[in-house]
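Participant:
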Amino acid sequence: MGKQSRVLRCYHCGAILQCENENEKGYIIPESLHRATPIQIIYCDKCFETMKAFNNSELEQQVDQEVLKILDDAYATDALIIWVVDLFSFNGTLNSEIAKKVKKLNVIVVGNKRDLFPANVKDESLMEYLADRFTAYGIKPKSVRLLGATNKIDSKELIDAMNTARKGHDVYMIGNSTSGKTSIINRAMKGFENKTTRQIKTITYPGTSVNVLEIPLSRSSFFYELPGISQTTSATGKLEKDVIRQIVPKKMVKVITRSMSAGDALMVGSLAAFEVIKGKTTNYRFYSAEGVETRKVQSKKLDDYINENNIRRFARPVSERLVSFLDYDMFEYAMENDKKWHDIAIEGLGWLSFIAQGQMIRVRLPKGVALKESIAKIK
Ligand SMILES: Nc1nc2c(ncn2[C@@H]2O[C@H](COP(=O)(O)OP(=O)(O)OP(=O)(O)O)[C@@H](O)[C@H]2O)c(=O)[nH]1
Ligand SMILES: [Mg+2]
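So for the sequence shown, this note's numbering puts the first residue at 260; every next one is plus one.
#1: Here's the rule: buried if 16 or more other CB atoms are within 10 angstroms of the residue's CB, otherwise exposed. What is I287?
#2: Do M526 and V556 have their C-beta atoms closer together than 8 Å?
#3: Here's the rule: buried if 16 or more other CB atoms are within 10 angstroms of the residue's CB, otherwise exposed. What is H293?
#4: According to DSSP, what are the bridge partners of A639?
#5: Please report the straight-line C-alpha distance between V535 and L611, rounded to a whole angstrom.
#6: Look at the Cβ atom of E549, then the Cβ atom of K510, and state whether they are nearer than 8 Å.
#7: Below 6 Å CB to CB, which residues in the same chain sit around N542 once its five sequence neighbours on both sides are set aside?
#8: Hey, how far is the Cα of F307 from the Cα of M432?
#9: Please go through the same chain and pick out, in chain order, the residues whose beta-carbon is closer than 8 Å to the beta-carbon of K363, but skip the five residues on each side of it.
#10: How is the beta strand (DSSP E) around S547 delimited, first residue to last?
#11: Just the C-alpha distance for E499 and L530, rounded to the nearest angstrom, thanks.
#12: Do the CB positions of V343 and S438 come within less than 8 Å of each other?
#13: For F590, which option in A629, E552, I570, K401 has the closest C-alpha, if you only look at C-alpha atoms?
#14: Compute the Euclidean distance between the alpha carbons of Q458 and R478, then round it to the nearest angstrom.
#15: DSSP three-state label for G632, please.
#16: Just to confirm, is the Cβ distance from G407 to N371 under 8 Å?
#17: Can you check which of these residues, L585, K359, L375, is closest to F347 by C-alpha distance?
#18: Helix, strand or coil, according to DSSP, for P289 in the structure here?
#19: Buried or exposed for V582, going by 16 or more other Cβ atoms inside 10 Å?
#20: Which residues in the same chain as S402 place their Cβ atom closer than 6 Å to its Cβ, once the five residues preceding and following it in sequence are excluded?
#21: Quick one: is the Cβ of T441 within less than 7 Å of any heavy atom of ligand 1?
#22: Quick one: grab the DSSP three-state call for C269.
#23: Tell me the DSSP secondary structure of K305 in three-state form.
Next up, the structure:
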């Protein structure tokens, strides 16, 4: 009887791994193959390279099919969409199905929680960022507004603006859960006068089992607050409660500035790390909630530091859910050399901001959390 041996396949494309022909399917350099143990996940060289190139494979937020059904109504009635985003946690990740449904409609984007940013941060910078991120999904906002708990909102002006924009049609307010939809409505209601005989109430939206807040705007038009889109791609949707308490800012965001060169890494508690693989010495800013601690370490010792931090907790928060490298995703960004401010942002946790000059930056973050590179939120 012949000797049986295990046939190893590429975990991604399924090709049988071979070391003979570089141009054939499943080629892997002999060193990688011989190092692999039978239970290890291995990839052929080609898949390994493509996966590196597709690093920022888009994560998709989960969305209730019934909410999509409601948006079909919005589309059919040419409604106005008010899309609320939490300026802190938003990193440009939108649900593409929702985006597809609303992009032909008039969309007003509201960047909420402006109060979490210092007054000297330019409104234009935040607005430009929002417009840019929505445009990336094919949505050209009719207007972009900033709101926050502390700025006096002129509710009458807000309602007038909405009435002008909706042209007699219905209004649907959408956005992630906890982006502040209900808070905005409550504040705007101060200047609202119900001129109809119908009441403001929570209804089960016709044809669905979804509860929505319904506000009559005229005899034949309504305002609806849809349930929040669940934050499945946000750090707040992945980590335990006491970690979330530390990463969600209650007051002004904190910014730390570190000068880093190739070989340096910035740990963000046990939650994330940014490594400068290549690049000149540059100042890097990291924006986060007050309670999030960072530590600059040597890249080559990063794994040791992360392990040590799990025990000694010198940089908090430490998540019990992140215990091995399998609990993290890792991505690399080859930055352009445009000398402009860019962000690499982790949804719900914070963002690294720096002038792009051809760096290579590697990021690790909790598995399944959305990461995006874009123009900077704050310039
Ligand atoms: N700092 C700050 N916090 C805000 C602001 N608006 C809302 N919040 C807080 O954000 C959290 C969520 O607010 P909600 O108004 O309930 O958010 P929502 O979008 O209606 O959430 P869902 O109904 O669950 O989708 C609450 O803790 C609010 O206090 C704001 O302008 N600034
Ligand atoms: Mg709400």
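Cβ atoms here follow ideal geometry from the backbone N, Cα and C, with glycine treated the same way.
Facilitator: Taking the coordinates as given:
#1: buried
#2: yes
#3: exposed
#4: For the chain, the structure presents residues 260 to 638; residue 639 sits outside this window and is missing.
#5: 12 Å
#6: yes
#7: T516, S518
#8: 42 Å
#9: Y334
#10: 541 to 547
#11: 12 Å
#12: yes
#13: A629
#14: 11 Å
#15: The sequence as given places Glu at residue 632; Gly does not occur at that position. E632 sits in a strand when the DSSP states are folded into three classes.
#16: In this structure, G407 sits near N371, with a CB-CB distance shorter than 8 Å.
#17: L375
#18: Here P289 sits in helix by DSSP.
#19: exposed
#20: I367
#21: The answer is yes for T441.
#22: coil
#23: Helix, per DSSP.
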